[in-house]
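Asks: Just so you know, the sequence shown maps onto residues -14 to 114 in the working numbering. Take this structure first; my questions come after.
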Amino acid sequence: MKKAGILNRHLAGALAELGHGDGVLVCDAGMPVPDGPRLVDLAFRAGVPAFAEVLEGLLAELVVEGATAATEVREANREASELLAGHFPSLELVSHERLKELSAGARLIVRTGEARPYANVLLRCGVFF
C-alpha cells in the first residue's frame, strides 16, 4: 500500500496514465457526467469529500497548465470561486453549458461529494520538465 499521496487505486492509476494536454474535470455531485471519459467517483455522501479537498489533493499530484470553470461560479458559489482564483490566476471562464460540452473531451472525470453548485473545474495537464 502507498504510504502517502492518493490512496484510491482507481484515481492513482488514472492519474498515472495522463499526458500533456489531457483534461481532468473535477466536479460536484450534481454535474452531469458524459459518456466517454474515465470516471472516478469519490462521492460518499453530500459534501464528502469536499471539492476543495479533492482539488488540493489532485494539485499535489498533477502539473496543471490551465484551468476552465463556469462563469456562474462567481455569483453562485463564492467559496469555490475564491479557491479557483487563488490556484489559477489565469482561470478561463465559460458558460456552464460550455463547460459541460468541454467536459465530454476530458480524459478523466473526478466526481466529488460537493453539494454546492458550480464547484467544477476542467484542468489541462502540463509537463514537469
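From the three backbone atoms N, C-alpha and C, an ideal C-beta is built for every residue, glycine too.
For residue 71, count neighbouring C-beta atoms within 10 Å of its own C-beta (all shown protein chains included) and say buried if the count is 16 or more, exposed if not.
Replies: Counted from its first residue, the sequence shown places residue 71 at position 86. Residue 71 is exposed by the Cβ-count criterion.
Asks: Quickly, what does DSSP pair residue 107 with across the bridge? List them, please.
Replies: As a position in the sequence shown, residue 107 is number 122, starting the count at 1. Answer by DSSP bridge pairing, in chain order: 10, 53.
Asks: Provide the residue span of the alpha helix (DSSP H) that contains residue 64, from first to last.
Replies: Stepping through the sequence shown from its first residue, residue 64 is reached at position 79. Run containing residue 64: 63 to 72, per the alpha helix (DSSP H) assignment.
Asks: From residue 32 to residue 38, what does the alpha carbon distance come to, in whole angstroms?
Replies: Along the sequence shown, read from residue 1 onward, the residue named residue 32 stands at position 47. Along the sequence shown, read from residue 1 onward, the residue named residue 38 stands at position 53. Going from the Cα of residue 32 to the Cα of residue 38 covers about 10 Å.
Asks: Tell me which same chain residues have a C-beta within less than 8 Å of the C-beta of residue 3, skipping the five on either side of it?
Replies: Within the sequence shown, numbered from 1, the residue matching residue 3 stands at position 18. Answer for residue 3: 9, 47, 92, 93, 110, listed in chain order.
Asks: Is the CB-CB distance between residue 27 and residue 55 below 8 Å?
Replies: As a working mapping, residue 27 is identified with position 42 in the sequence shown. As a working mapping, residue 55 is identified with position 70 in the sequence shown. No, these two residues do not count as a Cβ contact at 8 Å.
Asks: Using only the alpha-carbon positions, how far apart do residue -7 and residue 104 sit?
Replies: Within the sequence shown, the letter at position 8 stands for residue -7. Within the sequence shown, the letter at position 119 stands for residue 104. Looking at the two C-alpha atoms, the distance is approximately 21 Å.
Asks: Please report the distance separating the alpha-carbon of residue 6 from that of residue -1.
Replies: Locating residue 6 in the sequence shown gives position 21, where the first residue counts as 1. Locating residue -1 in the sequence shown gives position 14, where the first residue counts as 1. Rounded to whole angstroms, residue 6 to residue -1 spans 15 Å at the Cα level.
Asks: State yes or no: is the C-beta of residue 69 within less than 8 Å of the C-beta of residue 52?
Replies: Walking along the sequence shown from the start, residue 69 turns up at place 84. Walking along the sequence shown from the start, residue 52 turns up at place 67. The answer is yes: Cβ separation under 8 Å.
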